[in-house]
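Asker: Below are the structure tokens for one structure; questions will follow.
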Amino acid sequence: MSAATTQSTSQRNSASWLSRLGPIGTLLSSTKARIGLTIVMVFVLAAVFAQWIAPGDPKKFVGAINKPPSAEYILGTNPQGKDVFRQLVWGGQLSLIIGFGSAFLMTTIAVVVGMIAGYYRGWIDDVLNFIMNLFLVIPALPLLVLLSAYLKPGTATIVFALAITGWAFNGRIVRAQTMSLREKDFVAAAVVSGEPGLKIIFVHILPNMVNIIVGGFIGAVIYGIMASTGLAFLGLASTQDVTWGTNLFWAQNGGALMIGAWWAFLPSGLAVALVAFGLALTNYGMDEITNPRLQAESMLRRVAGDLFARSVRATPVVPRTHEPTA
Amino acid sequence: MPYLARRLGFYLAALAVAITINFFLPRLLPGDPAATILGTSAGKLTQDDLQRVRDALGLSDAPLIEQYGTYLVRLTQGDFGVSYTYFPAPVTRVISNGLIWTLLLGGISLIFSFILGNLIGVIGSWRRGGVVDTVLPPLLIFVGSFPAFFLALGLLYAFGVQLDWLPISHAYDTKLPQGFNLSFIGSVAQHMVLPAGTSILLGMGGWALGMRNVMVSVLAEDYVTMAEAKGLKQLRIMFRYAARNALLPGVTGLGVAIGSILSGQILIETVFSYPGLGFLLIYAVNGRDYPLMQGLFMMITIGILAANFMVDILYTWLDPRVRAA
């Protein structure tokens, strides 16, 4: 019992140390989020420092095709005789730019449309909500394919197409949250003191929804990376660019799998999967912090041990002892 | 019923928008769309080719509003034109062939992933901290993080190429005569294992996590504690009391999933050359078969709207509160 107590005290101490870092510190108090963010950071750093990690042009023909990993080419060469390691590292640059760029655009549209709809209600909400529902039912992937078939392939096209097809999901969530926050006293106070609507929305309400917006942003990055990789694999992106998706397109195009050249496939696919996994873990970690029942569960396990927690059906909601800075 | 009437109105409006997108998308291309289309596909284009593409897209020198009118009239007649790649088959016939395979593959994958995922969710939340709860969810999240086509290629390589257990492409053995006999059905089932397996692996995690999170709240309800106090059998509490009530949010998810059957398998169908709608769509895009492309987008959208409407009907029946709203 005493061991459990010390453990929980030390946990609390580390939590209070982290809480001084603000919302980021709160996020880092979750093991899942820490692991997830570490994975993502590794890929981001590799992309930023690509020219030192994998010097040389990734599009350059370096030698014999389909050579297995060796000292000369750590990850071998692909069916076009290009260095797979260079392609992996440099491919991360554009893939991450597309992922984060489209997510930024999606989140911005979602926040603006969602908050205005949720705050003003009435006919404004009717119209905006109709538009959001519309984008939710029109199938995203076929529309993406159609857009890429008609528009000139390129990074800007992809980012634009992803944003168009992907923003509505978060817009709905932001709208719902705005509608409930709108009923709080601090909003009423701002209305009474005569502040303009847009100022109330973006200065008073917005800071209270950071959790939801960040969660939505992370989901949007996953969508952006996954969908752009899929499009590139189908040959619908610009095949001259180097992204994780086009790497896989060229590997497939050269029939790498059929002749057993797994090294041309595995790196880029694994990179996409690991980044998506890291982002998903971060989101689950955030959920655990913000959902009081899931939080209570981990506290219960800490105090009572696994055996007891396993036989407990109902999880109590433990009130928070200290709120992260309001 | 006003609720259903409102929903129907929304779906009709959505359909109108989808039709309009379909109409304007080719016309958004800079310059002469027909020339741009043929130009990007390279090759010498004759005036004849140009005119054929224009006809297929309903492009003419008439004012836009008139073109739109002709387009609508042709749609109501179910006339989507003639496919280039499957010439001279009309687009509608090509699509209906693909629809069968997509529905079969998608339906079976969805049933399996829904049942397996929810079972994992229920068992995981029941034995909190047990193997099912601690090992499976992160594993499923990890598997779900792979791009669909990558997982499909992995399975294809392992079971189709290396072990050579299963066929790697098409929906059935083309040498067999088609029909309701055992060997044909067996062949269809065999060809479905890998694409359906990919789809199930990817879909299960979402259902499991959703179910688990709802179960955590439901298990805290008084009636579950009461049932336990009465000494009811564990399995009975687990499924008849808790899981039954935790399933309702899943039904909404099921609606979305049924709709996305039509569009969610593009990558998997392409990898396995499975002749469904998704495979056709990519085939049409690569072959610059614009009538087929347009027709497919229209069909997929109509299918999704219809599926959503059916779920709305189902929901009013399951949850009486919706009817009052």
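Line by line, the protein sequences are chains B and U. Position 226 of the first sequence, counting from 1, maps to 361 under our numbering, and the rest follow consecutively. Position 173 of the second sequence, counting from 1, maps to 849 under our numbering, and the rest follow consecutively. Note that the Cβ used here is the ideal one computed from N, Cα and C, for glycine as well. Everything numeric in this text was worked out from a predicted model, so none of it was measured.
(1) Residues of chain U with CB closer than 9 Å to the CB of phenylalanine 400(B), please, in chain order.
(2) Between which two residues does the alpha helix (DSSP H) containing valine 197(B) stretch?
(3) What's the C-alpha gap between histidine 846(U) and alanine 284(B)?
(4) So, does the CB of asparagine 773(U) fall closer than 8 Å to a CB anywhere in chain B?
(5) For glutamine 970(U), count neighbouring Cβ atoms within 10 angstroms of its own Cβ and tell me buried if that reaches 16, exposed if not.
(6) Nearest to leucine 930(U) by CA position, among Met868(U), Ile980(U), Trp841(U), Leu842(U), is which residue?
(7) Looking only at DSSP bridge pairs, what is aspartate 547(B) linked to?
(8) By the three-class DSSP mapping on this structure, what secondary structure does proline 288(B) have?
(9) Starting from proline 951(U), follow the alpha helix (DSSP H) in both directions and report where the run begins and ends.
(10) Does DSSP put proline 766(U) in a helix, in a strand, or in coil?
(11) Once the 5 residues before and after glutamine 215(B) are set aside, which same chain residues still bring their CB inside 8 Å of it?
(12) Between the Cα of tyrosine 848(U) and the Cα atoms of Leu831(U), Gln866(U), Ile695(U), which residue gives the shortest distance?
(13) Can you check the stretch 854-906 of chain U for any alpha helix (DSSP H) of at least 4 residues that lies completely inside it and give the ranges in chain order?
(14) Quick test of the definition: if touching needs 3 or more C-beta pairs under 8 Å, does the stretch 743-761 of chain U touch the stretch 799-817 of chain U?
(15) Is there contact between the stretch 827-846 of chain U and the stretch 866-879 of chain U, where contact requires at least three CB pairs shorter than 8 Å?
(16) Along chain U, in chain order, which residues have C-beta atoms closer than 7 Å to that of leucine 281(B)?
(17) Would leucine 957(U) and serine 759(U) be called neighbours here (beta carbons separated by less than 8 Å)?
(18) So with CB distances below 7 Å, who are the chain B contacts of phenylalanine 818(U)?
(19) Could you list which residues in chain B have their beta carbon closer than 8 Å to that of serine 939(U), in chain order?
(20) Just to confirm my understanding: we take tryptophan 225(B), look at its own chain, exclude 5 residues before and 5 after, and list those with CB closer than 6 Å. What are they?
(21) Compute the beta-carbon to beta-carbon distance between isoleucine 353(B) and leucine 414(B), rounded to the nearest angstrom, for a pair I have assumed lies under 8 Å.
(22) So, alanine 303(B) versus glycine 253(B), is the Cβ gap smaller than 8 Å?
(23) Quick one: Cα of isoleucine 347(B) to Cα of phenylalanine 825(U), how far?
(24) Between glycine 404(B) and leucine 383(B), how many whole angstroms is the CB-CB distance? I'm expecting something under 8 Å.
(25) If the cut is a Cβ gap below 7 Å, which residues of chain U does threonine 166(B) touch?
(26) Does any residue of chain U have a CB that is nearer than 8 Å to the CB of alanine 291(B)?
(27) What did DSSP end up calling valine 758(U) once you bin it into helix, strand or coil?
(28) Using a Cβ cut-off of 9 Å, pull out every chain U residue sitting near asparagine 268(B), in sequence order please.
(29) Using a threshold of 8 Å, state whether the C-beta atoms of methionine 241(B) and isoleucine 340(B) are closer than that.
(30) Using 8 Å as the limit for Cβ to Cβ distance, is alanine 718(U) near chain B?
(31) How big is the Cα-Cα spacing for isoleucine 170(B) and alanine 903(U)?
(32) Is tyrosine 959(U) helix, strand or coil when you go by DSSP?
(33) Using 8 Å as the limit for Cβ to Cβ distance, is tyrosine 285(B) near chain U?
(34) Tell me whether serine 949(U) is buried or exposed, calling it buried when 16 or more other Cβ atoms sit within 10 Å of its Cβ.
(35) So glycine 191(B) packs on lysine 202(B), CB below 8 Å; how close in whole Å?
Answerer: From the atom records:
(1) On the first sequence, position 265 is the one that residue 400(B) refers to. Chain order gives the chain U residues near phenylalanine 400(B) as Phe826, Leu829, Gly830, Tyr833, where near means a beta carbon separation below 9 Å.
(2) The count along the first sequence starts at 1 and reaches residue 197(B) at position 62. Counting along the chain, valine 197(B) falls outside any alpha helix (DSSP H), and DSSP gives it neither H nor E.
(3) Here the question's residue 846(U) lines up with position 170 in the second sequence. Here the question's residue 284(B) lines up with position 149 in the first sequence. The straight-line gap separating the alpha-carbon atoms of histidine 846(U) and alanine 284(B) is approximately 25 Å.
(4) As a working note, residue 773(U) is residue 97 in the second sequence. No, its Cβ sits nowhere closer than 8 Å to a Cβ of chain B.
(5) Translated into the one-based positions of the second sequence, residue 970(U) becomes position 294. It counts as buried.
(6) The residue given as residue 930(U) occupies position 254 in the second sequence. It is Ile980(U) whose Cα lies nearest to the Cα of leucine 930(U).
(7) Residue coverage of chain B in this structure runs from 136 to 461, which leaves residue 547(B) outside it and unanswerable.
(8) Mapped onto the first sequence, residue 288(B) falls at position 153. In the structure shown, proline 288(B) falls within a coil segment according to DSSP collapsed to helix, strand and coil.
(9) Stepping through the second sequence from its first residue, residue 951(U) is reached at position 275. For proline 951(U), no alpha helix (DSSP H) segment is defined, and its DSSP state is neither H nor E.
(10) Looking up residue 766(U) in the second sequence gives position 90. Proline 766(U): strand per DSSP, three-state reduction.
(11) Numbered from 1 along the first sequence, position 80 holds the residue referred to as residue 215(B). Listed in chain order, the non-local C-beta contacts of glutamine 215(B) below 8 Å within the same chain comprise Phe196, Ile200, Trp385, Gly389, local neighbours out to five positions each way being set aside.
(12) Start at 1 with the first residue of the second sequence, and residue 848(U) comes out as number 172. Measuring C-alpha to C-alpha distances from tyrosine 848(U) to each of Leu831(U), Gln866(U), Ile695(U) identifies Gln866(U) as the nearest.
(13) Qualifying alpha helix (DSSP H) stretches, in chain order: 858-894, 898-905.
(14) Contact between the stretch 743-761 of chain U and the stretch 799-817 of chain U is absent: fewer than 3 CB-CB pairs across the two stretches fall below 8 Å.
(15) With a cut-off of 8 Å, the stretch 866-879 of chain U and the stretch 827-846 of chain U count as touching, because enough Cβ pairs lie within range.
(16) For the purposes of this step, residue 281(B) is identified with residue 146 of the first sequence, where counting begins at 1. Neighbours of leucine 281(B) in chain U, taken as residues at a C-beta separation under 7 Å, are given in chain order as Leu701, Met969, Phe973.
(17) Residue numbering aside, residue 957(U) sits at position 281 when the second sequence is read from its first letter. Residue numbering aside, residue 759(U) sits at position 83 when the second sequence is read from its first letter. Serine 759(U) sits away from leucine 957(U), with the two beta carbons spaced by 8 Å or more.
(18) Position 142 of the second sequence holds residue 818(U). Phe412, listed in chain order.
(19) In the second sequence, the residue the question calls residue 939(U) occupies position 263. Chain B residues near serine 939(U): Pro274, Ala275, Leu276, Pro277.
(20) Indexing the first sequence from 1 puts residue 225(B) at position 90. Residues of the same chain with a CB within less than 6 Å of the CB of tryptophan 225(B), apart from the 5 flanking positions on each side, are Ala185, Pro193, Val377 in chain order.
(21) For this step, residue 353(B) is matched to residue 218 along the first sequence. For this step, residue 414(B) is matched to residue 279 along the first sequence. At roughly 5 Å, the Cβ-Cβ gap stays under 8 Å, so isoleucine 353(B) and leucine 414(B) are in contact.
(22) Locating residue 303(B) in the first sequence gives position 168, counting from the first residue. Locating residue 253(B) in the first sequence gives position 118, counting from the first residue. 8 Å or more divides the Cβ of alanine 303(B) from the Cβ of glycine 253(B).
(23) Translated into the one-based positions of the first sequence, residue 347(B) becomes position 212. Translated into the one-based positions of the second sequence, residue 825(U) becomes position 149. If you draw a straight line from the Cα of isoleucine 347(B) to the Cα of phenylalanine 825(U), it comes to about 30 Å.
(24) Walking along the first sequence from the start, residue 404(B) turns up at place 269. Walking along the first sequence from the start, residue 383(B) turns up at place 248. Between leucine 383(B) and glycine 404(B) the Cβ distance is about 6 Å, and since that is below 8 Å, they are a contact.
(25) The count along the first sequence starts at 1 and reaches residue 166(B) at position 31. Under the 7 Å cutoff, chain U gives no residues; its nearest Cβ is about 11 Å from threonine 166(B).
(26) By one-based count along the first sequence, residue 291(B) stands at place 156. At least 8 Å separates the CB of alanine 291(B) from every CB of chain U.
(27) Reading the second sequence from its first residue, position 82 is the one you call residue 758(U). For valine 758(U), the secondary structure class from DSSP, reduced to helix, strand or coil, is strand.
(28) If you number the first sequence from 1, residue 268(B) lands on position 133. Those within 9 Å of asparagine 268(B) in chain U are Phe686, Ala690.
(29) For the purposes of this step, residue 241(B) is taken as residue 106 along the first sequence, with counting starting at 1. For the purposes of this step, residue 340(B) is taken as residue 205 along the first sequence, with counting starting at 1. No. Outside cutoff.
(30) By one-based count along the second sequence, residue 718(U) stands at place 42. Any reading at alanine 718(U) needs caution, since the residue's pLDDT is 49, under 50, leaving its predicted position unreliable; the model's value is listed next. Closer than 8 Å: no.
(31) Translated into the one-based positions of the first sequence, residue 170(B) becomes position 35. Translated into the one-based positions of the second sequence, residue 903(U) becomes position 227. Each residue's alpha carbon lies about 40 Å from the other.
(32) In the second sequence, residue 959(U) corresponds to position 283, counting from 1. Note: tyrosine 959(U) maps to helix in three-state DSSP.
(33) For the purposes of this step, residue 285(B) is identified with residue 150 of the first sequence, where counting begins at 1. Put simply, the CB of tyrosine 285(B) is near chain U, with a gap under 8 Å to one of its CB atoms.
(34) Counting from one through the second sequence, the residue named residue 949(U) turns up at place 273. Taking a 10 Å sphere around the C-beta of serine 949(U), we find fewer than 16 other C-beta atoms and assign the residue as exposed.
(35) The residue labelled residue 191(B) in the question sits at position 56 within the first sequence. The residue labelled residue 202(B) in the question sits at position 67 within the first sequence. 16 Å between Cβ atoms; not a contact.
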